[in-house]
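Visitor: The opening residue of the sequence shown carries number 44 in the working numbering; numbering runs sequentially from there. We put the beta carbon where it would ideally sit given N, CA and C, even for glycine. Note that this is a predicted model, so its numbers are computed, not measured.
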Amino acid sequence: MAMDWVANIMKYLQHYSESIQQQVSQLIAHKKLGTYLLEKYPHIHEYHTDKALYNYTLAIKNRFMKQSLPLSKVMY
44 MAMDWVANIM
54 KYLQHYSESI
64 QQQVSQLIAH
74 KKLGTYLLEK
84 YPHIHEYHTD
94 KALYNYTLAI
104 KNRFMKQSLP
114 LSKVMY
């Protein structure tokens with residue numbers, strides 16, 4: 044199970060440099076990735092579901108791009 048989680052994270056980093064991928068792997072291995080990210084980005088956003096993200100994105104679209112086509116999909 045843990046390896047699936049790590050593989051899932053690493054697939055999003057495949058286009059980053061090898062050194063960045065190694066740093067992330069080390070943080071994961073030492074169970075410090077969460078702590079590192081919270082220190083670097085202390086303000087957590089409030090959009091934790093696809094629906095909440097969709098509503099947020101829709102509000103931005105309606106504010107700045109009123110004439111554009113409706114959103115078809117928004118998801119993590």
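Would you kindly report the start and end of the unbroken alpha helix (DSSP H) that includes Y79?
Guide: First-last of the alpha helix (DSSP H) with Y79: L76 to K83.
Visitor: Compute the distance between the beta-carbons of L96 and M118, then report whether it is under 9 Å.
Guide: yes
Visitor: Under the assumption that L56 contacts I63 (Cβ atoms under 8 Å), give the Cβ distance between them as a whole number of angstroms.
Guide: 7 Å
Visitor: Since L76 and V67 are thought to touch, with beta carbons under 8 Å apart, how far apart are those beta carbons, to the nearest angstrom?
Guide: 7 Å between Cβ atoms; contact.
Visitor: Kindly give me the distance between the Cβ atoms of S115 and K104, rounded to whole angstroms, as I take these residues to be in contact under 8 Å.
Guide: About 11 Å separates the two Cβ atoms, so there is no contact after all.
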